[in-house]
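Engineer: The structure under discussion is supplied below as structure tokens; questions concerning it will follow.
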Amino acid sequence: MRITVTVDGTTFTDDVEPRQLLVHYLRERLGKVGTVVGCDTSNCGACTVHLDGHSVKSCSVLAVQADGSEVTTIEGLARDGRLHPVQQAFHDNHALQCGFCTPGMIMQSIDLLADNPDPDEQAVREGLEGNLCRCTGYQNIVRAVRAAASTMSGGAGPEAEQVAPASNVAGGGDR
Amino acid sequence: MTATVEPEIGRARLRKEDARLIAGRTRWTDNLTLPGLLHMAILRSPMAHARITAIDVTVARKMSGVLAVFTGADLADEQGSLPCAWPITEDMKSPSAPSVAVDRVNFAGEAVAVVVARSAYEAADALEAIDVDYDELPVVLDMEAAVAEGADLVHEDLGTNTSATWVFDSAEAGTGSDVEQAIAEAEVLIERTYRQQRLIPAFMEPRSVVVDPTGEQFTMWSATQVPHILRVMLAMTLSVPEHKVRVIAPDVGGGFGGKLQVTPEEVLTFLVARRMGKAVKYTETRSESILAAHHGRDQLQKLTLAARRDGTVTGLKVELLADMGAYLRLVSPGVPILGAFMFNAIYKFPAYRFVCTNVFTNKTPTDAYRGAGRPEATFAIERLMDELAAELGVDPIEVRERNWIRHEEFPFTTVAGLTYDSGNYEAATAKAKELFGYDALRAEQRERRERGDSVQLGIGTSTFTEMCGLAPSRVLGSLSYGAGGWEHAAIRMLPTGKVEVVTGSSPHGQGHETAWSQIVADQLGVPFEDVEVLHGDTQSSHKGMDTYGSRSLTVGAMAVVRAADKVKAKAAKVAAHMLEASEGDVEFEAGAFRVRGAGATAKSVSIQDVALAVFAAHDLPDGVEPNLDSEATFDPENFSYPHGTHLCAVEVDTETGRVDVRSYVAVDDVGKVVNPLIVEGQVHGGLAQGIAQALFEEAVHDESGTLLTGTFADYLVPSAADLPTFTTDRTETPATSNVLGVKGVGEAGTIASTPAVVNAVVDAVRHLGVSDIQMPCTPMRVWQAIRTGQTDAGGLGNEAGGGLGSIDSSGGAR
Ligand code: FES
Ligand code: FES
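If you're matching them up, the sequences are chains G and L in order. Its first residue numbered 1, the first sequence is counted upward by one per residue in UniProt numbering. Its first residue numbered 1, the second sequence is counted upward by one per residue in UniProt numbering.
Right under this line is the structure:
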């Protein structure tokens, strides 16, 4: 089947197998390997991307279902060399160790903040329930999301993907 | 050069690694692709024990995109036997361990055939077209039944299900007295049997391997913790010359011991790529990972603790059955043996005996999982100390205090023969009690009991220590381990003054790039940003023992320090020449050489100046090689012994059995800290895994040996909503066994937390007649314990949701 999808700002028209999962289309066809696969039962959230501004587990969506849609992956968040505030907050709060869950966590966190610009701890924990992390024990992830909330002016959907003025770029500054 | 002003060690540096990882700029093995890359898929046995009578691959071989199908028979001559590097006894029984089964399968999930195809989808399709006929054999699942007279056998040819029995006896070793005598004379005896359920490491990145045979060397990329060990083992297992193999661990998404392995999948990908002459990739699904990657824990612990009425412990006897699963993997037999030295923990037992019997069953092989042997030991002793306290009617912390090594008694040689170099259990405990509000919580507990509240409060203690920093080579030798425990590092000084650090440690989330940069910045007085850390590729980092057993900092970073010392010694000669002074008169401080006592304003040459001068080599002292690069291999003289006091408060709803962790305080003493941010993260993650063992996780098999918890829907890795916020803090007694004073932190949280949580759960309902609840302490089990007053609640329960209480009565160890 022929589909047309806009991914991280670039439009692609491709013939895909009807059974191909969106995550495989992104990774194998488009080389968007920043989005990863952590399970085969839609439990881990590692594959989370935004489809028309809302988070989805891209392993539970077929590529053909994304026809005519806009997809944002972790690779499309930073603008003009500036990290998205949630990316920055993950760095600033040591919210990742191996980093495998991180793309999905960040995409889900952005969606969560779009729905609730000022979540309390419990709301963050519940909002991230579908994303597993084996390294961090979640404490610093929760802290990062709440920190991001305070630096972002808020806003729903794709607006939340806009970059607020970020102070510095990741790479080993001081806390 | 601000970096030289404030020491880097101890600074909460944000991680260098993050920049790529938060942007999706990653190199997971499964991200890699090569021209003409082929994809491999593995057909796995649904049977736990069976003879393979026929395999028909004809249909599969003809399917679109399928280049080849191989069965065990096809690969039997070249696959060798997967290595086990730890023969714990001379007469240890070890079955041959094929990567793909040839005529018999011994656990559900074992490979029986592989397909090679143009795409992963086509390879997966072809699996379904392969027809295998099995002749079922009796399955052996329960350890006690397996070692009983006349048991069915996992491996007929071995004639027994016992792999080995390993004994340590303090009377025989001369490290203590006779435990039987202590038991005979005991005023108080605590006898318990605890079960360490089977766990699944569940690293988030599924294992993946790519092998490219098209160059002069075979190049293997693998999601492994141990690229160096893997290279040696591939050479030894497959009779391929070692120098013809290069192994690369690119970005690796967690390991926790689960990627400390030489896997069937790695060997098969290698063999198939060699056959095809083309690059081949294999990436497991999560279900395959849960089913076939090695599991952890799985012990039955029979324990006898002898004590006097005043609470002084007089002896400890430990009899273990440890489930190896169907085969011995890389270090399977040694995992429970690592626990042998830890059951006595921080307590001054005068007599100790440890007997471990390793048992084969028709289950997935077990091997290292975070803590490896030490969580099992710590759980047992910390549960027993609580039981002793209950028996004597004293506070659990008081009974510990009566028996632990006092801070002024270090260094202290234990009944297990280890010498603990440093520690201060009093300080950690005092701090933990204060942060926790111990007395107030005890008061609330009393109040709720008196009131008969339906929600009861329980308080659990764990004053743990562990041995890590694996390991002094001679100790490993005395334990018959097949290799040393050293680590290697090299430092390259580049002409522009930048620094490359090559390390044999192989990080997969620990933040070595950041921590090593901090250490080298201090050592050489160069900016943190000027240090690049190279690792995980046997071509750039040719020598190493990799990362596990909380060894990277205590062993790996020590090698880095030694290499830096050599760089400085070489540079001093050149610097003296440049300063027209004698070498003995120059000193190195904050990145620069000066004539000693000449004052801060005197002429100096920086280490970068020296690097450039050496590169030019125009004017070097006679006999000095134009090279500052240096390497070092460090072999630790002792283990390191982090310790700490963890306190957990849980609320147990006595009507539903639901457990809520209300507060968790962890005060850890990991010696000197290089980066407090990283240390805290390691503790958090460790706590999550230890708490998960206490409350959520369990690999469950049914009576035919089928894994029931085969997906993340059934195997309950906790989510953010399942875990509390932890209060973490530290005390600091530097290790005396290394110049950095560091102790290792990777496993501490996992080792400490499991007993703290279970002690809390039992404490909450002890007044209702409960003295034990098997892990995981699910609502079903807790409720059952309360209802029946069963001292040994657990056993039955098979509600949906896997780990939520579903231990099969005939399956796992009871
Ligand atoms: S890969 Fe999509 S939820 Fe796990
Ligand atoms: S950082 Fe490793 S899984 Fe989350």
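We put the CB at the ideal spot given by N, CA and C, even for glycine.
Looking at the C-beta of Ala-345(L), does it have a partner C-beta in chain G at a distance below 8 Å?
Structural biologist: Ala-345(L) does not count as touching chain G.
Engineer: Run through chain L and tell me which residues come within less than 8 Å of Ile-110(G), C-beta to C-beta.
Structural biologist: Simply none; closest approach about 12 Å.
Engineer: Is Leu-303(L) close to chain G, meaning its C-beta is less than 8 Å from at least one C-beta of that chain?
Structural biologist: It does not; no Cβ of chain G falls within 8 Å.
Engineer: Is there at least one non-hydrogen atom of ligand 1 closer than 7 Å to the beta-carbon of Ala-46(G)?
Structural biologist: Result yes, Cβ under 7 Å from ligand 1.
Engineer: So which residues on chain G does Trp-28(L) lean against when the C-beta distance must stay under 8 Å?
Structural biologist: In chain order: Val-33, Val-36, Phe-100.
Engineer: In the DSSP assignment, what residue or residues form a beta bridge with Tyr-194(L)?
Structural biologist: DSSP, once it has assigned bridges, lists Gln-301(L) as partnering Tyr-194(L).
Engineer: Alpha carbon to alpha carbon, how far is Gly-215(L) from Pro-472(L)? Give it in angstroms, no decimals.
Structural biologist: About 37 Å.
Engineer: I need the DSSP call for Tyr-282(L), collapsed to helix, strand or coil.
Structural biologist: Note: Tyr-282(L) maps to strand in three-state DSSP.
Engineer: Buried or exposed: where does Phe-12(G) fall if 16 or more other Cβ atoms within 10 Å of its Cβ makes it buried?
Structural biologist: Its Cβ having fewer than 16 others within 10 Å, Phe-12(G) is exposed.
Engineer: By a C-beta neighbour count over all protein chains shown, 10 Å radius and 16 as the cutoff for buried, is Glu-409(L) buried or exposed?
Structural biologist: So Glu-409(L) counts as exposed.
Engineer: Distance, Cα to Cα, Asp-18(L) vs Ala-598(L)?
Structural biologist: Using only the alpha carbons, I get a separation of about 43 Å.
Engineer: Give me the residue from Ala-368(L), Pro-411(L), Pro-718(L) with the minimum Cα distance to Asn-733(L).
Structural biologist: The sequence shown places Thr at residue 733(L), rather than the Asn named in the question. Of the listed residues, the one whose Cα sits closest to Thr-733(L) is Pro-411(L).
Engineer: Express the C-alpha separation of Val-272(L) and Val-191(L) in angstroms, rounding to a whole number.
Structural biologist: Contrary to the premise, residue 191(L) reads as Glu rather than Val in this sequence. Taking the straight line from one Cα to the other gives about 53 Å.
Engineer: Is the Cβ-Cβ distance between Phe-343(L) and Ala-380(L) less than 8 Å?
Structural biologist: Their beta carbons are under 8 Å apart, which means Phe-343(L) touches Ala-380(L) by this criterion.
Engineer: Assess contact between the stretch 504 to 524 of chain L and the stretch 709 to 728 of chain L, defined as three or more Cβ pairs (one per stretch) separated by less than 8 Å. Is contact present?
Structural biologist: Output reads no: the stretch 709 to 728 of chain L does not touch the stretch 504 to 524 of chain L.
Engineer: Where the beta carbon is closer than 5 Å to any heavy atom of ligand 2, which residues qualify, in chain order?
Structural biologist: Any residue whose Cβ sits closer than 5 Å to a heavy atom of ligand 2 makes the list: Leu-96(G), Gln-97(G), Cys-98(G), Phe-100(G), Cys-101(G), Cys-133(G), Arg-134(G), Cys-135(G), Met-204(L), Gly-254(L).
Engineer: How many angstroms separate the CA atom of Pro-117(G) from the CA atom of Ala-694(L)?
Structural biologist: Their backbone Cα atoms lie some 35 Å apart in a straight line.
Engineer: Does the beta-carbon of Ser-239(L) have 16 or more other beta-carbons within 10 angstroms, so that it is buried, or is it exposed?
Structural biologist: Ser-239(L) comes out exposed.
Engineer: Is it right to say Gly-258(L) is buried, meaning 16 or more other beta carbons lie within 10 angstroms of its own, or is it exposed?
Structural biologist: Its Cβ being crowded by 16 or more others within 10 Å, Gly-258(L) is buried.
Engineer: Using CA atoms only, rank isn't needed, just tell me which of Asn-675(L), Glu-284(L), Asp-453(L) is closest to Leu-553(L).
Structural biologist: Selected option, being the one with the closest Cα: Asn-675(L).
Engineer: Nearest to Lys-431(L) by alpha carbon, out of Leu-32(L), Asp-103(L), Leu-647(L), Ser-719(L)?
Structural biologist: Nearest of Leu-32(L), Asp-103(L), Leu-647(L), Ser-719(L) to Lys-431(L), Cα basis: Leu-647(L).
Engineer: So which residues on chain G does Asn-31(L) lean against when the C-beta distance must stay under 7 Å?
Structural biologist: Result: Val-33.
Engineer: When you compare only the Cα positions, how much space is there between Ser-55(G) and Leu-479(L)?
Structural biologist: Those two C-alpha atoms are separated by around 52 Å.
Engineer: With 9 Å as the limit, tell me which residues of the stretch 121 to 138 of chain G have their beta carbon closer than that to any beta carbon of chain L; keep them in chain order.
Structural biologist: Within the stretch 121 to 138 of chain G, the qualifying residues are Glu-121, Gln-122, Val-124, Arg-125, Glu-126, Gly-127, Leu-128, Glu-129, Gly-130, Asn-131, Leu-132, Cys-133, Arg-134, Cys-135, Thr-136, Gly-137, Tyr-138.
Engineer: Beta carbon of Ser-42(G): closer than 7 Å to some heavy atom of ligand 1?
Structural biologist: Ser-42(G): yes, Cβ under 7 Å from ligand 1.
Engineer: Indicate whether at least one CB of chain G lies closer than 8 Å to the CB of Leu-34(L).
Structural biologist: With 8 Å as the cut-off, Leu-34(L) does not count as an interface residue toward chain G.
Engineer: How many angstroms separate the CA atom of Glu-205(L) from the CA atom of Val-252(L)?
Structural biologist: Near 7 Å, if we compare the C-alpha coordinates of Val-252(L) and Glu-205(L).
Engineer: Confirm, please, whether the CB-CB distance from Ser-222(L) to Val-247(L) is below 8 Å.
Structural biologist: Yes. Within cutoff.
Engineer: Is it a yes or a no for the stretch 1 to 10 of chain G touching the stretch 69 to 81 of chain G, going by three-plus beta-carbon pairs under 8 Å?
Structural biologist: Judged by Cβ distances under 8 Å, the stretch 1 to 10 of chain G makes contact with the stretch 69 to 81 of chain G, as three or more pairs qualify.
Engineer: Would you say Ser-505(L) reaches chain G, if we count a Cβ-Cβ gap shorter than 8 Å as a contact?
Structural biologist: By this cut-off, Ser-505(L) is not an interface position.
Engineer: Whose CA, out of Leu-38(L), Glu-6(L), Glu-242(L), lies closest to the CA of Gly-543(L)?
Structural biologist: According to the sequence shown, residue 543(L) is Lys rather than Gly. Nearest of Leu-38(L), Glu-6(L), Glu-242(L) to Lys-543(L), Cα basis: Glu-242(L).
Engineer: Would you mind telling me which residues of chain L sit closer than 7 Å to Pro-103(G), beta carbon to beta carbon, in chain order?
Structural biologist: Those are Gly-24, listed as they occur along chain L.
Engineer: Using only CA atoms, which one of Val-610(L), Asp-619(L), Arg-353(L), Met-385(L) lies nearest to residue 815(L)?
Structural biologist: Given a span of 1 to 814 for chain L in the structure shown, any question on residue 815(L) remains unanswerable.
Engineer: Can you list, in chain order, the residues of its chain with a C-beta nearer than 6 Å to that of Glu-487(L)? Leave out the 5 residues immediately preceding and following it.
Structural biologist: Around Glu-487(L): Gly-504, Met-545, Val-555, Gly-556, Ala-559, Phe-634.
Engineer: Whose C-alpha, out of Thr-48(G), Tyr-25(G), Asn-43(G), is nearest the C-alpha of Gly-24(L)?
Structural biologist: Out of Thr-48(G), Tyr-25(G), Asn-43(G), Thr-48(G) has the C-alpha closest to the C-alpha of Gly-24(L).
Engineer: Say whether chain L places a C-beta atom closer than 8 Å to the C-beta of Thr-48(G).
Structural biologist: No, its Cβ sits nowhere closer than 8 Å to a Cβ of chain L.
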